[in-house]
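Chains as they are written, first to last, in this note's numbering: chain A, 1 to 324; chain B, 1 to 324.
Structure representation (structure tokens):
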């Protein structure tokens, strides 16, 4: 299995990207990583490190895509950028099964949609990031922002793709799928939600358990939540934001008085644990579902461990043939 | 100033509602409360308590509206319910300036829209709940669910109404208004967001500061966020939900080991403080903006203090004439 790694995307590139690739190589014996970026800087990152050289390939592609590029322009004008070159190779090279990038989301999605074929029956690919739940499990959210305007049929497709993904990459047997809505009752929401509810209820291949209110995202009662990309984006960012702000407040509190500081000494491990628990980097990136090959978008601020986690997601989702 | 209180709405009615009314009477010397509900049970709640009897009126209206009622049916068939009777009196009695209810949201909004006149130039009323920010201030979110399908022009109206509300009820001189979006750049989002961005930028009466990502809701950088009712609902419930789940996890952590328990002893005050900080009941209810008179929807689980806070919001918003 070959996986392409964009080594020019993200705040800590190329070191985090190269480090992540080497970590993933340790984990999977049949994995070969194809590193895209500036050949010299990739080589200098590799130098002095122990790794299986026969499972590392470098494709020199030193140009960099940025957030201001339009996908169509990037494809046309930045052919020698790490991201576009990797997307083109993913399309053309049978051996390469997946791509991991921490670069500009819009360009990555656009170029992937324009250049990689879609799975049969899927109208639009969608992101499915993974969050930790308070009961120790995970929950996927599909879509978190690839498509803002959607139809009920697309939401049904998200449920199918997300179900297949959670089974394959996380070994969840029969994922419980919910529809994000403003209330749990069947008739809640607008026409989109009511129509999607009906389709999901009828869909035999999906274990649909009804509407979910956003406050229950982390409850552990659901494995997958389907929603339009706008509200999915709001859902994930506000959940992450609120948890992090809460921890920040607690940290400030514990340094505000002598007695609290003493308490904090004892609770240090707990606070650390909770911080790690909420650290998105421990849960990998957002997999773009619906294309013939897997594309994983990592956070811009990913470190080596986070990139390795993204590669793991790409590996598990791509192994043994197509997603659905 | 007379304010109508629906004493049959909410999980703790009528005791919380009556208790809240009495607390509010202590606070505002020129306030008279008009209590709607079962006369006998209201009287028994009042009995034995010290209060200015000349500023308390009771309107016997013992029927109860519930979540399954359709607004139009409730208006027609439950004329003697506490909620509908209060809405009708709010419409017809000049002296009554506002209504506070913790009852069924859908019926309250529907009946208010159908029976109370709209402010000039306002297409649809919208909810504006208030959340605490991490910097110690507050932030309003308009709309949190009164209208799911909206136009750019409606979002502009939300900005105007919310600005007036924050000035009047919270004394914020020049509220910083943001548009909820999937990114901060001007061109982000769908047609609705891009068009609303333009309108808000041109609106001289609004201090528009640009797009806001949902993770920044509690940052203290904004005083008002405008959005469609669906994503506003997702935004608020996921923020509240995440904060509460986080505190639950911390509580579980601190009881999980001996050393943590010792730490928790020292940190007890901090944990309590944070819980109170996140307790929505300390921030009142959602004011329905856009009608000629003010309607405040309190949480279903409101206690007396929360009801008093709702009455305070109604009072401050109604004093000295119309909102805008």
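All C-beta atoms, glycine included, are put in the ideal place defined by N, C-alpha and C. Quantities reported herein were computed from a predicted structural model and do not represent experimental measurements.
Endpoints, the alpha helix (DSSP H) within which residue i is located
i: residue 5 (chain A); result: Here residue 5 (chain A) belongs to no alpha helix (DSSP H); instead the beta strand (DSSP E) covers 2-6.
i: residue 307 (chain B); result: 304-318
i: residue 207 (chain A); result: Counting along the chain, residue 207 (chain A) falls outside any alpha helix (DSSP H), though it belongs to the beta strand (DSSP E) covering 207-212.
i: residue 41 (chain B); result: 39-46
i: residue 60 (chain B); result: From DSSP, residue 60 (chain B) is part of no alpha helix (DSSP H) but of the beta strand (DSSP E) over 56-60.
i: residue 23 (chain B); result: 15-27
i: residue 200 (chain B); result: 191-202
i: residue 76 (chain B); result: 71-77
i: residue 101 (chain A); result: Note, residue 101 (chain A): premise wrong, no alpha helix (DSSP H); beta strand (DSSP E) at 96-101.
Beta-carbon proximity list for residue i, same chain, < 7 Å, skipping 5 on both sides
i: residue 324 (chain B); result: 119, 160, 161, 164
i: residue 189 (chain A); result: 181, 182
i: residue 132 (chain A); result: 138, 277, 283
i: residue 330 (chain A); result: This structure cannot settle anything about residue 330 (chain A), because the visible part of chain A is limited to 1 through 324.
Minimum C-alpha distance to residue i - residue among the options
i: residue 2 (chain B); options: B:241, B:27, B:33; result: B:33
i: residue 210 (chain B); options: B:238, B:177, B:223, B:189; result: B:177
i: residue 252 (chain A); options: B:93, B:18, B:134; result: B:134
i: residue 286 (chain B); options: B:94, B:127, B:109; result: B:127
i: residue 223 (chain B); options: B:258, B:130, B:299; result: B:130
i: residue 296 (chain B); options: B:30, B:68, B:148, B:98; result: B:98
i: residue 293 (chain A); options: A:113, A:106, A:60; result: A:113
i: residue 184 (chain A); options: B:103, B:67, B:52; result: B:67
i: residue 85 (chain A); options: A:104, A:62, A:102; result: A:62
i: residue 320 (chain B); options: B:167, B:249, B:140; result: B:167
i: residue 82 (chain A); options: A:48, A:94, A:39; result: A:39
i: residue 136 (chain A); options: B:12, B:259, B:302, B:249; result: B:249
i: residue 52 (chain B); options: B:41, B:30, B:289; result: B:30
i: residue 93 (chain A); options: A:116, A:48, A:101, A:104; result: A:116
i: residue 49 (chain B); options: B:37, B:36, B:21, B:59; result: B:21
Limits of the unbroken beta strand (DSSP E) element including residue i
i: residue 127 (chain A); result: 126-128
i: residue 142 (chain B); result: 138-142
i: residue 225 (chain A); result: 224-226
i: residue 148 (chain B); result: Neither: residue 148 (chain B) is in no beta strand (DSSP E) and is coded neither H nor E.
i: residue 363 (chain A); result: This structure gives no information on residue 363 (chain A), because the portion of chain A shown stretches from 1 to 324.
i: residue 65 (chain B); result: Per DSSP, residue 65 (chain B) belongs to no beta strand (DSSP E) and is neither H nor E.
Own chain, CB closer than 8 Å to residue i, minus 5 neighbours either side, in chain order
i: residue 200 (chain A); result: 155, 156, 159, 177, 179, 206, 208, 226
i: residue 247 (chain B); result: 271, 274, 275, 278
i: residue 169 (chain B); result: 287, 313, 316, 317
i: residue 244 (chain A); result: 278
Below-8 Å beta-carbon distance, residue i vs any chain B residue
i: residue 61 (chain A); result: no
i: residue 11 (chain A); result: no
i: residue 111 (chain A); result: no
i: residue 231 (chain A); result: yes
i: residue 72 (chain A); result: no
i: residue 139 (chain A); result: no
i: residue 182 (chain A); result: yes
i: residue 241 (chain A); result: yes
i: residue 136 (chain A); result: no
i: residue 44 (chain A); result: no
i: residue 255 (chain A); result: no
i: residue 238 (chain A); result: yes
i: residue 246 (chain A); result: yes
i: residue 317 (chain A); result: no
i: residue 99 (chain A); result: no
i: residue 145 (chain A); result: yes
i: residue 20 (chain A); result: no
Spatial neighbours of residue i in its chain, beta-carbon cut-off 6 Å, leaving aside the 5 residues before and after
i: residue 142 (chain A); result: 126, 128, 158, 162, 226
i: residue 107 (chain A); result: 65, 69, 71, 74
i: residue 150 (chain B); result: 228
CB contact check: residue i to chain A, cutoff 8 Å
i: residue 213 (chain B); result: yes
i: residue 53 (chain B); result: no
i: residue 301 (chain B); result: no
i: residue 223 (chain B); result: no
i: residue 96 (chain B); result: no
i: residue 234 (chain B); result: yes
i: residue 249 (chain B); result: yes
i: residue 66 (chain B); result: no
i: residue 149 (chain B); result: yes
i: residue 263 (chain B); result: yes
i: residue 218 (chain B); result: yes
i: residue 103 (chain B); result: no
The ligand MN heavy atom lying under 7 Å from the CB of residue i
i: residue 109 (chain B); result: The ligand MN is not part of the structure shown, which contains no ligands of any sort.
Exercise. Does the count of Cβ pairs from the stretch 190-202 of chain B and the stretch 207-219 of chain A closer than 8 Å reach three?
Worked result: no
Problem set entry | Contact between the stretch 71-78 of chain B and the stretch 8-26 of chain B (3+ Cβ pairs under 8 Å) | no
Exercise. Looking at C-beta atoms only, is the number of pairs between the stretch 142-155 of chain A and the stretch 223-231 of chain A that lie closer than 8 Å three or more?
Worked result: Yes: at least three Cβ pairs fall under 8 Å.
Exercise. Are there three or more Cβ pairs, one per stretch, closer than 8 Å when the stretch 305-316 of chain A is compared with the stretch 6-16 of chain B?
Worked result: Cβ pair count under 8 Å is below three, so no.
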